Amino acid sequence: VLNRRCVEAAVMTGLALNCSINKKSLFDRKHYFYADLPAGYQITQQRVPIAVNGSLSYSLCIDNKMSQMVTKTVRIKQIQLEQDSGKSLHDDTRSQTLVDLNRAGVGLMEVVMEPDMCCGEEAAAAVRELQLILQTLGSSQAVMAEGQLRVDANVSVHHPGEPYGVRTEVKNINSIRFLAKAVDYEIQRQIEELEKGGTILNETRAFDSKLGCTVSMRDKEGKQDYRFMPEPNLPPLILYDTKSLPANLNHQQVVNIDWIHERLPDLPSVKRAKLVEQYGILPEHSFTLLNEDGLTEFFENVVKETQMKPKKVIGWILNDLLSYLKQHSLTVKESPVSSFLLADLLNLLEKKEISSTAAKQVLAELWKGEGKTPLEIVKEKKLELIQDQNELEQICQAVIDGQENEVMAIKAGNRKVLNKLIGLVQRETQGRSNPVLVKQLLEKKLSE
Numbered sequence: 004v005l006n007r008r009c010v011e012a013a014v015m016t017g018l019a020l021n022c023s024i025n026k027k028s029l030f031d032r033k034h035y036f037y038a039d040l041p042a043g044y045q046i047t048q049q050r051v052p053i054a055v056n057g058s059l060s061y062s063l064c065i066d067n068k069m070s071q072m073v074t075k076t077v078r079i080k081q082i083q084l085e086q087d088s089g090k091s092l093h094d095d096t097r098s099q100t101l102v103d104l105n106r107a108g109v110g111l112m113e114v115v116m117e118p119d120m121c122c123g124e125e126a127a128a129a130v131r132e133l134q135l136i137l138q139t140l141g142s143s144q145a146v147m148a149e150g151q152l153r154v155d156a157n158v159s160v161h162h163p164g165e166p167y168g169v170r171t172e173v174k175n176i177n178s179i180r181f182l183a184k185a186v187d188y189e190i191q192r193q194i195e196e197l198e199k200g201g202t203i204l205n206e207t208r209a210f211d212s213k214l215g216c217t218v219s220m221r222d223k224e225g226k227q228d229y230r231f232m233p234e235p236n237l238p239p240l241i242l243y244d245t246k247s248l249p250a251n252l253n254h255q256q257v258v259n260i261d262w263i264h265e266r267l268p269d270l271p272s273v274k275r276a277k278l279v280e281q282y283g284i285l286p287e288h289s290f291t292l293l294n295e296d297g298l299t300e301f302f303e304n305v306v307k308e309t310q311m312k313p314k315k316v317i318g319w320i321l322n323d324l325l326s327y328l329k330q331h332s333l334t335v336k337e338s339p340v341s342s343f344l345l346a347d348l349l350n351l352l353e354k355k356e357i358s359s360t361a362a363k364q365v366l367a368e369l370w371k372g373e374g375k376t377p378l379e380i381v382k383e384k385k386l387e388l389i390q391d392q393n394e395l396e397q398i399c400q401a402v403i404d405g406q407e408n409e410v411m412a413i414k415a416g417n418r419k420v421l422n423k424l425i426g427l428v429q430r431e432t433q434g435r436s437n438p439v440l441v442k443q444l445l446e447k448k449l450s451e
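To convert, note that position 102 of the sequence shown is 105 in the working numbering; the numbers rise steadily by one, no gaps.
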């Protein structure tokens with residue numbers, strides 16, 4: 004029995020990937036004998052798939068610099084509905100293979116891309132963008148570690164202007180990082196094999212993440228005859244749009260392409276553009292916000308609750324909060340520092356009640372998750388900014404008196420040395436002085 008939700012998810016994904024949706028698509032049987040396929044055949048869409056001729060735009064960094072990004076496009080050949088197979092679990096220590104058939108027969112959507120990518124980094128960036136789109140649409144949770152999104156990478160090499168070489172297929176890659184490594188390794192392996200006079204076999208390979216290389220699984224040299232035939236138990240899949248929808252049909256029993264199109268959410272590319280326009284942040288920052296699950300919502304919640312400008316907020320979130328999370332291998336949702344706590348902290352900083360140095364100390368305390376508010380930590384640790392200007396002037400004078408060489412260098416025109424004096428005042432006050440005010444006081448005293 005065909006699952007309606009699978010059909011809607013495939014149509015939604017096809018529209019998001021700029022595909023043409025076929026109003027009539029067909030199901031076929033693909034026959035092959037393998038332990039993970041108990042029926043001896045797989046239901047797929049070999050002749051007329053549900054969606055064809057689309058495209059996916061993705062961005063990647065040049066030389067690992069987030070500030071230098073280039074946008075590329077990969078063509079989508081087709082999207083097809085088919086049955087999933089079981090899962091083979093290879094136990095090398097006992098030299099045996101176990102088969103988990105729990106997912107066998109479950110609906111599967113396969114997205115087939117054209118060979119428009121030339122390295123592992125491009126493949127990883129394209130799949131990451133696809134993953135974000137699937138998660139935005141709700142077509143799939145697309146968690147690769149849990150097998151909800153798997154990648155088969157077909158790799159071949161050739162000289163410019165020559166036909167594509169013999170390709171190998173690296174099966175069931177379950178991580179974007181491993182995908183980049185597998186593709187780059189396979190490209191290099193094939194080049195080295197050809198340069199020493201060898202030949203590339205048309206084979207299926209697997210990526211061994213521990214060894215960082217691909218290993219042969221089975222060859223495809225003997226062209227396998229899948230004996231495709233029309234699936235006798237499933238009639239053609241008929242979809243409608245508003246124009247072709249018959250008046251006498253129950254709308255609940257048909258899939259309307261236009262109805263799905265109207266309800267498409269904002270895709271990641273649109274969300275990024277809106278973030279840049281609305282908050283004035285850099286385009287590369289919008290990529291980071293979307294790439295980390297839940298980070299966009301976190302950022303927007305902080306912006307709503309704080310008086311600090313979004314451009315400053317983004318710095319605290321990407322440079323401080325995100326580094327804490329990655330250091331402790333936590334997701335945004337697992338963060339002990341909520342968006343409201345961070346907003347309270349940034350409000351104290353914006354009102355000039357604490358210095359940025361003190362704010363970082365408070366954030367470190369908040370990370371312990373002891374249930375204290377930023378204000379409570381500030382009072383407990385005595386981190387409030389010194390408001391008494393006379394006290395600050397005395398500290399500045401003491402620093403000047405103890406740094407004769409630096410004072411002479413500043414008076415000789417080396418203004419950079421002033422930063423050292425500001426740092427010494429900060430250290431003397433344990434981060435409780437306003438650097439802007441300290442700079443003004445130091446400049447005034449040095450000009451006397």
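Where is the CB? At the ideal position from N, CA and C, for every residue including glycine.
All of these numbers come straight from a predicted model, not from anything done at the bench.
Only counting runs of 3 or more residues, tell me where the beta strand (DSSP E) segments fall wholly within the region 63-94, in order along the chain.
With a minimum length of 3 residues, the unbroken runs of beta strand (DSSP E) contained wholly in the region 63-94 fall at 68-86, 90-94.
Just the Cα atoms here: how many angstroms apart are V340 and K199?
Translated into the one-based positions of the sequence shown, residue 340 becomes position 337. Translated into the one-based positions of the sequence shown, residue 199 becomes position 196. Approximately 56 Å between the Cα atoms of the pair.
Following the continuous alpha helix (DSSP H) through F30, name the residue where it begins and the one where it ends.
As a first step, residue 30 must be located in the sequence shown, where it is residue number 27. First-last for F30: undefined, no H or E at that position.
Would you mind reading off the limits of the alpha helix (DSSP H) that contains G257?
Numbered from its first residue, the sequence shown carries residue 257 at position 254. The amino acid occupying residue 257 in the given sequence is Val; Gly does not appear at that position. From DSSP, V257 is part of no alpha helix (DSSP H); its letter is neither H nor E.
If I follow the unbroken alpha helix (DSSP H) through A12, where does it start and stop?
As a working note, residue 12 is residue 9 in the sequence shown. Run containing A12: 7-19, per the alpha helix (DSSP H) assignment.
Helix, strand or coil: how does DSSP classify D347 here?
As a working mapping, residue 347 is identified with position 344 in the sequence shown. Reduced to three states, the DSSP call for D347 is helix.
What distance in whole Å lies between the Cβ atoms of E431 and V402, which are believed to be in contact at a cut-off of 8 Å?
As a first step, residue 402 is located in the sequence shown; it is residue number 399 there, counting from the start. As a first step, residue 431 is located in the sequence shown; it is residue number 428 there, counting from the start. Going by Cβ atoms, the distance from V402 to E431 rounds to 7 Å, so yes, they are a contact pair.
Given this structure, state the Cα-to-Cα distance separating N25 from I263, to the nearest angstrom.
Here residue 25 corresponds to residue number 22 of the sequence shown, with the count starting at 1. Here residue 263 corresponds to residue number 260 of the sequence shown, with the count starting at 1. The straight-line gap from Cα to Cα measures roughly 14 Å.
Quick one, are the C-beta atoms of T217 and V173 less than 7 Å apart?
Position 214 of the sequence shown holds residue 217. Position 170 of the sequence shown holds residue 173. V173 sits close to T217, with the two beta carbons spaced by under 7 Å.
Short Cβ contact (7 Å threshold) for V2 with G123
A question about residue 2 goes unanswered here, because the residues of the chain that appear run from 4 up to 451.
Same chain only: Cβ atoms within 6 Å of D39, ignoring 5 sequence neighbours per side
Working through the sequence shown from its first residue, we reach residue 39 at position 36. Non-local beta-carbon contacts of D39 in its own chain, meaning distances under 6 Å to residues more than five positions away in sequence, involve S88, G89, S91, V102 in chain order.
Distance, Cα to Cα, L345 vs V305?
Your numbering for residue 345 matches position 342 in the sequence shown. Your numbering for residue 305 matches position 302 in the sequence shown. If you take the alpha carbons of L345 and V305, they lie about 7 Å apart.
So who's on the other strand from Y243, going by DSSP bridges?
As a position in the sequence shown, residue 243 is number 240, starting the count at 1. DSSP, once it has assigned bridges, lists N259 as partnering Y243.
Per DSSP, A156 forms a beta bridge with which residues?
Residue mapping note: residue 156 aligns to position 153 of the sequence shown, counting from 1. According to the DSSP secondary-structure assignment, A156 is paired through a beta bridge with V173.
Are the Cβ atoms of S436 and Q443 separated by less than 7 Å?
Taking the sequence shown and counting its residues from 1, the one referred to as residue 436 is at position 433. Taking the sequence shown and counting its residues from 1, the one referred to as residue 443 is at position 440. For S436 and Q443, no; Cβs fall outside 7 Å.
Would you mind giving the Cβ-Cβ distance between L293 and F302, rounded to the nearest angstrom? I have them listed as a contact below 8 Å.
Translated into the one-based positions of the sequence shown, residue 293 becomes position 290. Translated into the one-based positions of the sequence shown, residue 302 becomes position 299. Their Cβ separation, rounded to whole angstroms, is 10 Å, which puts L293 and F302 out of contact at 8 Å.
Do you know whose CA, among R50, L449, P238, lies nearest K414's CA?
As a working note, residue 414 is residue 411 in the sequence shown. Ranked by how close their Cα comes to the Cα of K414, the residues R50, L449, P238 have L449 in first place.
Which parts of the region 288-358 are runs of the alpha helix (DSSP H), unbroken and 4 residues or longer, counting only runs that do not cross its ends?
Counting only runs of at least 4 residues, the region 288-358 fully encloses the following alpha helix (DSSP H) elements, listed from N- to C-terminal order: 298-308, 313-318, 325-330, 342-353.
If we ignore side chains and look at the alpha-carbon of each, how far apart do I79 and E383 end up?
As a working note, residue 79 is residue 76 in the sequence shown. As a working note, residue 383 is residue 380 in the sequence shown. Distance between the alpha carbons of I79 and E383 is about 59 Å.
Where DSSP assigns a beta bridge to S60, which residues make up the other side?
Translated into the one-based positions of the sequence shown, residue 60 becomes position 57. DSSP lists T76 as partners of S60.
I'd like the span of the beta strand (DSSP E) that includes L111, first residue to last.
Here residue 111 refers to the residue found at position 108 when the sequence shown is read from its first residue. Where L111 is concerned, the enclosing beta strand (DSSP E) starts and stops at 110-116.
With distances taken Cα to Cα, identify the nearest neighbour of Q392 among Q400, L328, K385.
Locating residue 392 in the sequence shown gives position 389, where the first residue counts as 1. Measuring from the Cα of Q392, the nearest candidate turns out to be Q400.
Going by the CB atoms, is the gap between Y37 and A129 shorter than 7 Å?
Here the question's residue 129 lines up with position 126 in the sequence shown. Here the question's residue 37 lines up with position 34 in the sequence shown. Against a cut-off of 7 Å, the Cβ pair of Y37 and A129 comes out as no contact.
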